[in-house]
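So the sequence shown is numbered by our numbering: it starts at 135 and just counts up by one. Just so you know, even glycine gets a beta-carbon here, dropped at the ideal spot from N, CA and C. Data first, discussion second: the structure below is written as structure tokens.
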Amino acid sequence: MNVGSKTILIVEDNEKNMKLVRDILRHKGYATIEAVTGGEGVSLASERRPDLILMDIQLPDMNGIEALRRIREDPALDVVAVIAVSASVMPDDQQKIVASGFDAFVTKPINMKAFLDTVQRHLDTGRA
Numbered sequence: 135m136n137v138g139s140k141t142i143l144i145v146e147d148n149e150k151n152m153k154l155v156r157d158i159l160r161h162k163g164y165a166t167i168e169a170v171t172g173g174e175g176v177s178l179a180s181e182r183r184p185d186l187i188l189m190d191i192q193l194p195d196m197n198g199i200e201a202l203r204r205i206r207e208d209p210a211l212d213v214v215a216v217i218a219v220s221a222s223v224m225p226d227d228q229q230k231i232v233a234s235g236f237d238a239f240v241t242k243p244i245n246m247k248a249f250l251d252t253v254q255r256h257l258d259t260g261r262a
């Protein structure tokens, strides 16, 4: 598979986390588009139709769960997997996040191999 043809939207308000994720993905040959707020993420998702979305949960304007809900309202984005990326490691929080409709959950700090495996799996299969 040609990863260069895949575009990933990163929605992340922390500059260091954004840089880390962007650098990992670009090093692997993916194209990235970036948003720092949930609203910007929703707009970019609709405009650019990425192959995958990585969504932080704690965002300045609306949380990632609300942004996901808005993305899911767009039928054209229904096939796009959205992966939650959060520092929240409490089991209750993780369950709530996954139950809200995310296709996967990745914890911060990022485990590079697990992160890339999750990204690749969801790019290969889309939404299960």
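In the DSSP assignment, isoleucine 158 falls within the alpha helix (DSSP H) that extends over 149 to 161. Selection Arg156, Lys162 and Phe236 evaluated against glutamate 200 yields Phe236 as nearest (Cα-Cα). The continuous beta strand (DSSP E) containing aspartate 190 extends over residues 186 to 190.
Closest in C-alpha terms to glutamate 207, from the list Ile167, Pro243 and Ala179, comes Ala179.
Of the residues Lys150, Lys247 and Leu211, the one whose Cα lies closest to the Cα of aspartate 190 is Lys150. Using a Cβ-Cβ distance cut-off of 8 Å, the stretch 220 to 234 and the stretch 246 to 256 are not in contact, since fewer than three pairs of beta carbons, one from each stretch, lie closer than that value. The secondary-structure analysis by DSSP pairs valine 216 across a beta bridge with Ile187. An exposed status is given to serine 177, since fewer than 16 other beta-carbon atoms sit within 10 Å of its beta-carbon. Linking phenylalanine 239 to alanine 210 through their CA atoms gives a straight-line distance of about 22 Å. The C-alpha of aspartate 226 is placed about 30 Å away from the C-alpha of isoleucine 167.
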